[in-house]
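Visitor: Pasting a structure below so you can have a look.
Number of protein chains: 2
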Amino acid sequence: MTETSMPQMTRIQQKNRELILNGALEAFSANGLRGATIDQIARAAGLSKPNVLYYFGSKDEIHKALLTTLLEMWLAPMRQIDPKGEPLAEVLRYVQAKLAMSQDYPRESRLFAHEILQGAPHLTEILGGDLRQIVDRTVAVLEGWMDRGLLARVEPRHLIFSIWSMTQHYADFETQVRAVLGDGRDPVAEGAAFLDDLYRKLLTP
Amino acid sequence: MTETSMPQMTRIQQKNRELILNGALEAFSANGLRGATIDQIARAAGLSKPNVLYYFGSKDEIHKALLTTLLEMWLAPMRQIDPKGEPLAEVLRYVQAKLAMSQDYPRESRLFAHEILQGAPHLTEILGGDLRQIVDRTVAVLEGWMDRGLLARVEPRHLIFSIWSMTQHYADFETQVRAVLGDGRDPVAEGAAFLDDLYRKLLTP
DNA sequence: CCTGATCCTGACCGTTTGGTCAATAATCCG
DNA sequence: CGGATTATTGACCAAACGGTCAGGATCAGG
Numbered sequence: 014m015t016e017t018s019m020p021q022m023t024r025i026q027q028k029n030r031e032l033i034l035n036g037a038l039e040a041f042s043a044n045g046l047r048g049a050t051i052d053q054i055a056r057a058a059g060l061s062k063p064n065v066l067y068y069f070g071s072k073d074e075i076h077k078a079l080l081t082t083l084l085e086m087w088l089a090p091m092r093q094i095d096p097k098g099e100p101l102a103e104v105l106r107y108v109q110a111k112l113a114m115s116q117d118y119p120r121e122s123r124l125f126a127h128e129i130l131q132g133a134p135h136l137t138e139i140l141g142g143d144l145r146q147i148v149d150r151t152v153a154v155l156e157g158w159m160d161r162g163l164l165a166r167v168e169p170r171h172l173i174f175s176i177w178s179m180t181q182h183y184a185d186f187e188t189q190v191r192a193v194l195g196d197g198r199d200p201v202a203e204g205a206a207f208l209d210d211l212y213r214k215l216l217t218p
Numbered sequence: 014m015t016e017t018s019m020p021q022m023t024r025i026q027q028k029n030r031e032l033i034l035n036g037a038l039e040a041f042s043a044n045g046l047r048g049a050t051i052d053q054i055a056r057a058a059g060l061s062k063p064n065v066l067y068y069f070g071s072k073d074e075i076h077k078a079l080l081t082t083l084l085e086m087w088l089a090p091m092r093q094i095d096p097k098g099e100p101l102a103e104v105l106r107y108v109q110a111k112l113a114m115s116q117d118y119p120r121e122s123r124l125f126a127h128e129i130l131q132g133a134p135h136l137t138e139i140l141g142g143d144l145r146q147i148v149d150r151t152v153a154v155l156e157g158w159m160d161r162g163l164l165a166r167v168e169p170r171h172l173i174f175s176i177w178s179m180t181q182h183y184a185d186f187e188t189q190v191r192a193v194l195g196d197g198r199d200p201v202a203e204g205a206a207f208l209d210d211l212y213r214k215l216l217t218p
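Keeping their order, the protein sequence lines are chains P and U. Quick note: the first sequence, position 177, residue 190 per the working numbering, numbers continuous. Quick note: the second sequence, position 26, residue 39 per the working numbering, numbers continuous.
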C-alpha cells in the first residue's frame, strides 16, 4: 500500500497518489478491473474524477501501478524461507505467514485473485519473470531438504500451490467459509491449527 | 448446463433458454457479473440482444438462473459420499471427483469463484440453506468415522475447505499454475497424485 | 509580492451499456 | 386455412462510463 517513494515527487503528489492507490485497492478488490469505476476510486480517495486522472492517465494505469506496488509485498514471506533453518519449522512458519497476510490484507488477496481469474493480463510478464525465479529458488531449497531426508518427499511446486490455495481461500472465499461455519467462530485461527496439523503430517519424514 | 426442464415450455423456449444460459456461462465465467455484457451473451448464444431479454428480464435474472441451475451439479459429488463405504477410500474418491470437475468444467468453477469473490450476493440464500445442509450431513459422516477410529481426527469442516480450495485452485488459477510449472506438464494429473498422497497421510489413523 | 509551475474542477464529449417498444415474422392449433 | 399466440428484431432511450479540456486556484521560490 505504501508507494515506493520516487524522489522527484512533491508532497502533494506523494499524498494523492497514495490516496488514489488506496481507493483503487478498495474498488478493484471489491469489483474487479472492469467492475470498478473511476468514480468509485475517486470517491474512495476523496478526490474528484478529473483529479484522479491528473495523476494517472487511465484506469488501466492505476490498476497496473497498484499490482506492481503490491506484488513485492505479496512475495516477501517466501523470500524469508531460510535454507539454513530447521526444514519443517521453516515451511510451517511460511504457511502461517501467508495465512496471516490473507487475514491482515484481504483486499490485496482479493485483488490478486481477481487478476488471476481474468487470466492475469497485467501480471503475465511478472509471473514469467520475478515470480518464476523466487519459486525456483524455493523449490531448490525444498528439494535439498528432501534429498537429505530432512523433509518427506512430495512434489515441491504442488506443495507451494497447496499453501497458496488454502491460505488465500480464507480471504477470498471468506463469505463461503462464514456461511458454512456459522457465526461466532474464528475461521483463520481454526485454519491455522488445521494447516499446522496437515503440513506436519505431510512433511515429517 | 442442462436446464431443469420445466414442463410448460415450448420446444423453442427450452432450446433458446439453454442457448442463453450456455452463452451466459461463457461470458460470466470469463468476465464476472459486471464485466459481462448482454451483447456478449447474445453473441455467444447466437441470438439478438432483445431476444435474450425476451426470455430473461434482465442480466441479473440470467445470472441467478445460471447459478441456481449449476449449483445442484456442483454439489453432486459430495452427495455421493457413502457412509457405509470404506472411509479413506470414500474421501479420496470425493477428492478425485471434485478435481475432475474442476478440470472438466472450468467455466463453472470460475463462475462460482467470481460470484464468491463479489461476496456471493446471489448465493447467500442457497449457501445458508441447501449447502449448509449437505455440508452438515457430510460432517456428521466424517465425525462418525473419526469416532470409530477409522479416520484420523481433524476438524471436518476445514477438511472440506481444504478439498474445495485445492481442487478449485487448478481451474481458477490455471494461468498462475501454468506460469509456475512451465509448459509440457499436466497440472491436473500431477495434482491428482499430490492430493492422493496428502490426504492419505493426513487421514490414515 | 510576483511569476511560473503545479494542482484542481465544472462542463463537456463520444461510446457503451442495460433495457424498452412497436411492428413484423413464425408457429401453433382448431 | 385463419386467427390467436408466441417469437424476433431494428430503432430507440436514459444512464453510466472513460476520458478531455480550458480555465481558475494554489503553491513554491526568488
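Using N, Cα and C, we set each Cβ at its ideal position, and we do this for glycine too.
#1: Could you give the distance in angstroms between the alpha-carbon of U/V104 and the alpha-carbon of P/G45?
#2: Quick test of the definition: if touching needs 3 or more C-beta pairs under 8 Å, does the segment 27-37 of chain P touch the segment 49-60 of chain P?
#3: Would you mind telling me which residues of chain U sit closer than 8 Å to P/M179, beta carbon to beta carbon, in chain order?
#4: In chain order, what residues of the segment 151-175 of chain P put their CB closer than 9 Å to some CB of chain U?
#5: Only counting the same chain, and skipping five residues up and downstream in sequence, which positions put a Cβ closer than 8 Å to that of P/A49?
#6: Note down the Cα distance separating U/R161 from P/P90, rounded to an integer number of angstroms.
#7: Three or more C-beta pairs under 8 Å: does that hold for the segment 129-141 of chain P against the segment 158-178 of chain U?
#8: Using the rule of at least 16 other Cβ atoms within 10 Å of the residue's Cβ for burial, across every protein chain shown, is P/D199 buried or exposed?
#9: Can you pull the chain U residues whose beta carbon is under 7 Å from the beta carbon of P/N44, in chain order?
#10: Near P/R92, which residues of its chain fall below 8 Å by C-beta distance, leaving aside the five closest residues on each side in sequence?
#11: Counting only Cβ pairs nearer than 9 Å, list the residues of chain P close to U/E203.
#12: Consult DSSP for U/A49 and reduce its assignment to one of helix, strand or coil.
#13: Which class does P/I173 belong to by DSSP, given the choice of helix, strand or coil?
#14: With DSSP as the reference, label U/D95 as helix, strand or coil.
#15: With DSSP collapsed to three states, give me the class of P/E74.
#16: So which residues on chain P does U/R145 lean against when the C-beta distance must stay under 9 Å?
#17: Report the CB separation of P/R170 from U/L194 in whole angstroms; it is logged as a contact under 8 Å.
Guide: Reading from the atomic positions:
#1: Along the second sequence, read from residue 1 onward, the residue named residue 104 of chain U stands at position 91. Along the first sequence, read from residue 1 onward, the residue named residue 45 of chain P stands at position 32. Using only the alpha carbons, I get a separation of about 35 Å.
#2: Using a Cβ-Cβ distance cut-off of 8 Å, the segment 27-37 of chain P and the segment 49-60 of chain P are in contact, since at least three pairs of beta carbons, one from each stretch, lie closer than that value.
#3: In the first sequence, counting from the first residue as 1, residue 179 of chain P sits at position 166. Correct list: F174, S175, S178 and M179.
#4: A165, V167, E168, R170, H171, L172, I173, F174 and S175
#5: On the first sequence, position 36 is the one that residue 49 of chain P refers to. Cβ within range, chain order: A37, A40, F41, A43 and K72.
#6: Mapped onto the second sequence, residue 161 of chain U falls at position 148. Mapped onto the first sequence, residue 90 of chain P falls at position 77. So the alpha carbons of these two residues sit roughly 40 Å apart.
#7: no
#8: By one-based count along the first sequence, residue 199 of chain P stands at place 186. Burial call: exposed.
#9: Taking the first sequence and counting its residues from 1, one reaches residue 44 of chain P at position 31. Per Cβ cutoff of 7 Å: R47.
#10: As a first step, residue 92 of chain P is located in the first sequence; it is residue number 79 there, counting from the start. Excluding positions up to five away in sequence, the list reads I147.
#11: Position 190 of the second sequence, counted from the start, is the residue given in the question as residue 203 of chain U. Per Cβ cutoff of 9 Å: E168, R170 and H171.
#12: One-based indexing of the second sequence puts residue 49 of chain U at position 36. If DSSP states are grouped into helix, strand and coil, U/A49 belongs with coil.
#13: Reading the first sequence from its first residue, position 160 is the one you call residue 173 of chain P. Helix, per DSSP.
#14: Locating residue 95 of chain U in the second sequence gives position 82, where the first residue counts as 1. If DSSP states are grouped into helix, strand and coil, U/D95 belongs with coil.
#15: On the first sequence, position 61 is the one that residue 74 of chain P refers to. Helix.
#16: Along the second sequence, read from residue 1 onward, the residue named residue 145 of chain U stands at position 132. Chain P residues near U/R145: A192, V193 and G195.
#17: As a position in the first sequence, residue 170 of chain P is number 157, starting the count at 1. As a position in the second sequence, residue 194 of chain U is number 181, starting the count at 1. Indeed they touch by this definition, with Cβ atoms about 6 Å apart.
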